[in-house]
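In the numbering used here, the protein residues as written are 18 to 396. Inspection log for the structure reproduced underneath, given as structure tokens.
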Amino acid sequence: MMQGRSCTQGDIAKALGVSQAAVCLAVGNARSARRKRLSNALCQKIRAKALEMGYKTQRTQHVVRTGRTTSITILNFGGYSEISARRTYTVGRMANEAGFNFNVVDAYWHHDDLDRVIEGILNTHPLAVIVAGAMQPGFSAETLVQAGIHVVGIGVPVPGCPWVRYDARGAIRTITEKMIAAGRRRLALLVRNYENIAPSWQFEERRQGFLDAVTAAGAQMREYDAHGTDFGFSARSSTLEAMVATESHASVDIFRDFDGAGALAKHLETTSVPPDMLVCTNDSYAISAMSACSRRGLRIPEDVAISGFDNMAISTKVLVPLTTVEHPNTALCKAAIEIIQEKQRHPAAMLSREEVKVFPCRIVWRESTGGGGEERDET
């Protein structure tokens, strides 16, 4: 033990007769690839001496001084959802590249006890929490912020905190405009709402994008509830008609995501005049609708074009590859990490500052909208 002051890496190097760089590699924050420059025997010798002399790493000293680690907690509510997994993986990789440690908390499995989730996060003393997906009702970041933890949302608004999002509205508007220009006259937006998710700006943005396009084109517009009986269009081929059809579910069930498109699927199979364009708010819904159209004998895309959202892996494996929209995860996650780094530099000024950064989506055109089998990207 050092008397009167903390042990430094230089002290360890002097005691062992090795370079300070070697000590830094053995006990510092260097990545494993750099540590391979030292033999295992030398690493163990340096670490043993560090322990004997009472050396504390910079990270430990930081926690003692500030009450915070330099790690990031990635919080999501996605369970086994592919979308959630992609975003969590991407933000974790970005955090690692920026020099942060990170851990992942999936609150999907604790949706009935969010206070326990928050308590668990507080006990790990993270520098920041990134909320990387749709929040469940009852979740609030207020306790985290009051504890001095930086909170950033990715793809979800966190009240009082900065967040980054994608332009879902612009992507859906572009798809709808192009389908109208291609001659589609009976357009329906299929929306699936979940009651166990906080009011979702994502689905509202997608709805608004559809409304932007059909309103600008002068379409006759109406809203439709999946539990109603008037799903369908008139037989007048020259009239531009549009419909927003909404189906509500009590909860997200990640194990039955492709289970039939529910009530709307039944209407698609039985309505006298079906739509010739289905704009769906996610890929699973689009694939369910695709199955319903196939059961009715409608050809895709000749009789009905279909688009989705999320660019899930299965969207290229269905019988007719699906036109869809890809989230700009790399840009979103990079921006979130940069916000945290900025908060590190200016914690007092940035702690409660709410800001939004918006990034364009990537539209992937495939056969389901008449792409002829050639996959094309459009930002």
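We put the beta carbon where it would ideally sit given N, CA and C, even for glycine. Every value quoted in this text rests on a predicted model; they were computed, and no experiment measured them.
Report the residue from the options whose alpha carbon sits nearest the alpha carbon of residue i.
i, options, result
"Ser289", "Arg383, Glu194, Leu315 and Gly109", "Leu315"
"Ala58", "Lys31, Glu286 and Ala43", "Ala43"
"Trp218", "Glu258, Val175, Ala115 and Ala230", "Val175"
"Leu349", "Gln61, His127, Val108 and Ile29", "Val108"
"Val173", "Ser251, Glu221 and Arg313", "Glu221"
"Phe376", "Thr347, Gln358 and Ile135", "Thr347"
"Asp242", "Asp28, Arg379, Ile166 and Met260", "Met260"
"Trp382", "Pro338, Arg362 and Ser23", "Pro338"
"Val208", "Gly226, Thr105, Glu343 and Val335", "Gly226"
"Thr256", "Glu240, Arg133 and Gly235", "Gly235"
"Gln61", "Ser88, Asn328 and Leu33", "Leu33"
"Arg313", "Pro291, Glu194, Val148 and Ser157", "Pro291"
"Ile189", "Ala262, Lys334, Gly388 and Phe326", "Phe326"
"Lys360", "Ala145, Lys374, Phe117 and Ile192", "Ala145"
"Met111", "Leu336, Ile357, Arg362 and Asn140", "Ile357"
"His142", "Thr341, Thr90 and Arg104", "Thr90"
"His363", "Arg223, Gly165 and Val134", "Gly165"
"Phe94", "Arg223, Met70, Val121 and Ile63", "Val121"
"Glu240", "Ala230, Arg223, Glu194 and Ala205", "Ala205"
"Thr87", "Gly116, Glu69 and Leu68", "Gly116"
"Lys283", "Lys374, Ser311 and Val342", "Ser311"
"Ala262", "Thr287, Ile192 and Arg224", "Arg224"
"Ala149", "Glu136, Asn118 and Gly170", "Gly170"
"Leu68", "Asp28, Arg104, Ser101 and Ile138", "Asp28"
Within 10 Å of its beta-carbon, does residue i have 16 or more other beta-carbons around it, so buried, or fewer, so exposed?
i, result
"Asp320", "exposed"
"Asp123", "buried"
"Glu384", "buried"
"Gln26", "buried"
"Glu258", "buried"
"Ser305", "buried"
"Ser251", "exposed"
"Trp126", "exposed"
"Arg54", "exposed"
"Thr160", "exposed"
"Val168", "buried"
"Ala65", "exposed"
"Thr232", "exposed"
"Val181", "buried"
"Arg133", "exposed"
"Lys195", "buried"
"Val373", "exposed"
"Thr333", "exposed"
"Leu228", "buried"
"Ser101", "buried"
Considering residue i, what are the terminal residues of the beta strand (DSSP E) in which it resides?
i, result
"Glu384", "Here Glu384 belongs to no beta strand (DSSP E), and DSSP marks it neither H nor E."
"Leu92", "Ser88 to Asn93"
"Asp242", "Gln237 to Asp242"
"Ala145", "Ala145 to Val148"
Name the DSSP beta bridge partners of residue i, please?
i, result
"Phe156", "According to DSSP, which records beta bridges pairwise, Phe156 is partnered with nothing at all."
"Leu204", "Ala259 and Met294"
"Trp180", "Gly170 and Val373"
"Asn118", "Ser88"
"Ser324", "Val296 and Thr340"
"Arg13", "No information on residue 13 is available, as it lies outside the stretch 18 to 396 that the chain covers here."
"Asp28", "Its beta-bridge partners do not exist; DSSP assigns none."
Below 8 Å on the Cβ atoms is my guess for residue i versus residue j; work out the distance and round it to an integer in Å.
i, j, result
"Ala30", "Ser23", "Wrong, their Cβ atoms sit about 15 Å apart, outside the cutoff."
"Glu99", "Ala330", "7 Å"
"Ser301", "Thr386", "Actually they are not in contact, since the Cβ atoms of Ser301 and Thr386 sit about 18 Å apart, beyond 8 Å."
"Tyr106", "His344", "That belief does not hold up - the Cβ atoms of Tyr106 and His344 are roughly 13 Å apart, past 8 Å."
"Arg186", "Met294", "Contact flag wrong, Cβ pair sits at about 18 Å."
"Leu285", "Ala309", "4 Å"
Hey, could you find the ends of the alpha helix (DSSP H) residue i is sitting in?
i, result
"Phe227", "Trp218 to Ala233"
"Ser101", "Glu99 to Glu114"
"Ile197", "Ala185 to Ala198"
"Thr347", "Asn346 to Arg362"
"Leu68", "Asn57 to Glu69"
"Gly34", "Neither: Gly34 is in no alpha helix (DSSP H) and is coded neither H nor E."
"Ile331", "From DSSP, Ile331 is part of no alpha helix (DSSP H); its letter is neither H nor E."
"Gly137", "Leu131 to Asn140"
Using a Cβ-Cβ distance cut-off of 8 Å, determine whether residue i contacts chain D.
i, result
"Ile166", "You won't find chain D in this structure, because it holds only one protein chain."
Can residue i be considered in contact with the ligand PLP, in the sense that its beta carbon sits closer than 7 Å to one or more heavy atoms?
i, result
"Trp218", "For the ligand PLP, the structure offers nothing, since it holds no ligand at all."
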